[in-house]
Structures are given as structure tokens and as C-alpha cells.
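Undergrad:
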Amino acid sequence: MRLYELGERKLIELMMKLVRINPKSLLKLGLDDADALNLEGGIYVFNTDFVAESTDKLPEMTYWQLARKCIVANVADLAAKGAEPVGFLASVALPSSLELNSFEKIFKGLDDGAAEYGSYLIGGDLGEAKEVVISVSAFGKVKKALISREGAKEGDVVAVTGFFGWNTLAFKALLEGMELPDIIKKKALEAVLMPKAPLREGLILSELESVTSAIDSSDGLFASLNHLSKTSKVGFLIQKLPIEEELLRFVQKRGLDLIQIVFYGGEEFHLVFTVPSSDWPKVESALRSEGLKAIQIGKVIPGSEVIVVRNQRRIKLHAGGWEHFKG
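Residue numbers for the sequence shown follow my numbering, beginning at 434 and rising by one.
Listed below in C-alpha cells is the structure:
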């Protein structure tokens, strides 16, 4: 069955059967395009992100995974601000020729993604387009301290909440046909097809009130550091590459460009953040005590450059990473 055989109203009725209802909602999902909630006082964060099939749906990626990834991207943005999601709005545009099963996968992906992070899809819009486009808006409540992208100071520790490089390999395998050993390919594909948002990490960092700046790494590690550099008007000296030993050995064996693999991927969704050096032991302990990663990769320096120390050489990084309309 094709979507044009049902029409918008029937599809909305079907969508309401696929998506859970928030018991705290004051408006009815499916009847209203927005939702109203009785909220306690506090700081609330609002953000939006979207995916389009032609630019974001990788080979081997399902519609369920594409929709879930859009939720993950929004949660990662909230996490970087120290906020916990309260709800999501989704505007979905679909070709009328799309199979009904794909429609169901998209809305299940949105709802499953929201459930994964303890929240709900509370409204949105449904329309027609030449390709699948999913736009999600999220709003969340700051746990304790709001974290911004500006505020990094010279001498601060710069750290990340996860390893980099797997996504770059996945892109090379899926888009360029690079052959990978089964175990390496499995890890790479899992990283890019089933990313996770660093929500727990962001909430812990908010509670500690020590973070001077933070950003999520959806555009790649260099792009994230470069953005923090511009907003905080500082530079970064990277002294440790956040890459797993298994991946490092593979990259070196294949003779791949290690800097490119680590810094110029994208969609890892880890947090890149800075804290005063005096607070680092407390921050590291708090994250690791919860079974989370806290990897110190360098420090904040004067200037505006991102410099990597590798084999006793200093390498100045240049623009790269994922950017819409450039690729």
C-alpha cells in the first residue's frame, strides 16, 4: 500500500497508533500541531535538527535508523547544554509513493528514539515532498547549570566523552567502497547507524557546574574544536588522540591518515568540553564512576589555532568535517 492511497488524515490516525501519548499533555496528539505542558520554573533549551534522505540516509541505513538519528542529534544538542529532553516536535515530509511500511518505520524510529531518552513525541506536522525529510525540534530543561559554547579559558583541560574514528571508517566503507575486516566493519557500522547521545554525560556536567564550554561533535572533532575556538576566542593544543587501540592498530596497518580518521569524521555525537584544570579530577571521577568515558585530550592555549602534537611534531589543523551544502 502506498501513502497516496490513504491520505493525510488516515496517516495521522495511523501515526497516533504508533506513537505513545504523554500522560502530562494538555493538548491531544494528532488533534493539535503543538503541545502544552505545566512546567516548573527553570531554564529551558530549545533546538532543532533535520535529516533528508538524499544527504543523510546512508547505504544500509533503514528509515527507522534515520528517524532515530534525528532524535539523537537533538538530544546531543540538549546534552551539550546540560539539558534533559522534555518533548519533541516532528515535521515529516514524504513522497506519496512511499511504502506504508516505511511510513511506520519512520514514526516508530521517532518514538523509539524519544523513549530511549525518557521523553515523548508530542506533536508536529505531516506533508508531502519529493524525498523523505524529517525535522525534529526539541525542548529540554537544564539540570542545574546551563553550559554554553563560550567561556573556555587558557589553561583549561579539553576533554571528550568518547572515541573517534569509527564513523570515518564507516563513511569510507559505505560511500567509497573501502574493504574492512568483519569485526572492524561491524563496529564502524554500529557507530554510524546506531549513534548514541551523551545525555547522561551532559546532565552530570551540568550538575558539577565546572564546565566552561561544550559542544557536541556531530560535525567532527576538528569542526567542534574550531567552533569552540571561535566562540571562546582561544586555541587548543591536542596532546592525545581519542582513538581506541584496536582502531589505531588497523589505521596504522592500512597506512591511513590518522589525523583525518580522528578529526574529520562526523556524527559521533560525543561531547567536547573544557573545564578548569583544578576541577578535572572531580569531573573525570564523576563521569567514570557512572561507567562513562572522560578522555583528556589536551588543553586550552592562547590564539585561535587547533594544534595536534604527534610524534614530537606540531600539526596545525585546517577546516574540514561535515557541513551541509559542502559535504
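Cβ coordinates follow ideal geometry from the N, Cα and C atoms, glycine included. Owing to the predicted nature of the structure, the values given are computational and were not obtained by experimental measurement.
Where do the N-terminal and C-terminal ends of the beta strand (DSSP E) with Ile-671 fall, by residue?
TA: Within the sequence shown, numbered from 1, the residue matching residue 671 stands at position 238. Segment 668-671, the beta strand (DSSP E) holding Ile-671.
Undergrad: How close, in whole Å, do the beta carbons of Ala-630 and Val-505 come, if the pair is a contact with beta carbons under 8 angstroms?
TA: Position 197 of the sequence shown, counted from the start, is the residue given in the question as residue 630. Position 72 of the sequence shown, counted from the start, is the residue given in the question as residue 505. The Cβ separation is near 5 angstroms, so the contact holds.
Undergrad: Thinking C-alpha only, which one of Leu-608, Ser-570, Glu-677 is nearest Lys-620?
TA: On the sequence shown, position 187 is the one that residue 620 refers to. For Lys-620, the nearest C-alpha among the options comes from Glu-677.
Undergrad: Put Val-742 into one of helix, strand or coil per three-state DSSP.
TA: Sequence index remark: in the sequence shown, residue 742 carries index 309 (1-based). Correct three-state label for Val-742: strand.
Undergrad: Where does Arg-682 land, buried or exposed, given buried means 16+ other C-beta within 10 angstroms?
TA: The sequence position of residue 682 within the sequence shown is 249, counting from 1. Exposed, since its Cβ has fewer than 16 Cβ neighbours within 10 Å.
Undergrad: Taking DSSP as the reference, what is the three-state secondary structure of Phe-572?
TA: Within the sequence shown, residue 572 is the residue found at index 139, counting from 1. Of the three classes helix, strand and coil, the one that applies to Phe-572 here is strand, per DSSP.
Undergrad: Alpha carbon to alpha carbon, what distance is there between Phe-596 and Ile-692?
TA: In the sequence shown, counting from the first residue as 1, residue 692 sits at position 259. In the sequence shown, counting from the first residue as 1, residue 596 sits at position 163. For Ile-692 and Phe-596, the distance between alpha carbons rounds to 13 angstroms.
Undergrad: Exposed or buried, what is Tyr-553 when buried is set at 16 or more other beta-carbons lying within 10 Å of its beta-carbon?
TA: Reading the sequence shown from its first residue, position 120 is the one you call residue 553. The residue in question, Tyr-553, is buried, as its Cβ has 16 or more Cβ neighbours within 10 Å.
Undergrad: Just to confirm, are Gln-498 and Leu-674 a CB contact at a threshold of 8 angstroms?
TA: For the purposes of this step, residue 498 is taken as residue 65 along the sequence shown, with counting starting at 1. For the purposes of this step, residue 674 is taken as residue 241 along the sequence shown, with counting starting at 1. No, Cβ-Cβ distance for Gln-498 and Leu-674 is not below 8 angstroms.
Undergrad: So what does Ile-728 bridge to, in DSSP terms?
TA: Here the question's residue 728 lines up with position 295 in the sequence shown. Ile-728 is bridged to Val-593.
Undergrad: Assuming Pro-709 contacts Leu-607 (C-beta within less than 8 angstroms), just tell me the rounded distance between them.
TA: Taking the sequence shown and counting its residues from 1, the one referred to as residue 709 is at position 276. Taking the sequence shown and counting its residues from 1, the one referred to as residue 607 is at position 174. Contact doesn't hold; Cβ gap of about 40 angstroms is too wide.
Undergrad: With a CB to CB cut of under 7 angstroms and the five nearest residues on each side skipped, what residues in its chain are close to Leu-725?
TA: Here residue 725 refers to the residue found at position 292 of the sequence shown. Hits under 7 angstroms: Thr-594, Arg-633, Glu-634.
Undergrad: Taking the straight line between their C-alpha atoms, what separation do you get for Lys-563 and Ser-487?
TA: Numbered from 1 along the sequence shown, position 130 holds the residue referred to as residue 563. Numbered from 1 along the sequence shown, position 54 holds the residue referred to as residue 487. Each residue's alpha carbon lies about 10 angstroms from the other.
Undergrad: Do Ser-643 and Asp-712 have their CB atoms nearer than 8 angstroms?
TA: Looking up residue 643 in the sequence shown gives position 210. Looking up residue 712 in the sequence shown gives position 279. Against a cut-off of 8 angstroms, the Cβ pair of Asp-712 and Ser-643 comes out as a contact.
Undergrad: Classify Asp-649 as helix, strand or coil using the three-state DSSP reduction.
TA: Position 216 of the sequence shown holds residue 649. Looking at Asp-649 - three-state DSSP - the assignment turns out to be strand.
Undergrad: Just to confirm before moving on: does the CB-CB distance between Val-575 and Val-478 stay below 8 angstroms?
TA: The count along the sequence shown starts at 1 and reaches residue 575 at position 142. The count along the sequence shown starts at 1 and reaches residue 478 at position 45. The answer is yes: Cβ separation under 8 angstroms.
Undergrad: Cβ atoms of Leu-670 and Lys-732: under 8 angstroms apart, would you say?
TA: Stepping through the sequence shown from its first residue, residue 732 is reached at position 299. Stepping through the sequence shown from its first residue, residue 670 is reached at position 237. Against a cut-off of 8 angstroms, the Cβ pair of Leu-670 and Lys-732 comes out as a contact.
Undergrad: Using the three-state DSSP reduction, which class does Ala-412 fall into: helix, strand or coil?
TA: This structure leaves residue 412 out entirely; the chain is present only between 434 and 760.
Undergrad: Taking all protein chains shown into account, do 16 or more other C-beta atoms lie within 10 angstroms of the C-beta of Tyr-437, making it buried, or fewer, making it exposed?
TA: Indexing the sequence shown from 1 puts residue 437 at position 4. The residue in question, Tyr-437, is exposed, as its Cβ has fewer than 16 Cβ neighbours within 10 Å.
Undergrad: Determine the burial state of Asp-615: buried for a count of at least 16 other Cβ atoms within 10 Å of its Cβ, exposed for fewer.
TA: Your numbering for residue 615 matches position 182 in the sequence shown. By the 10 Å Cβ count, Asp-615 comes out exposed.
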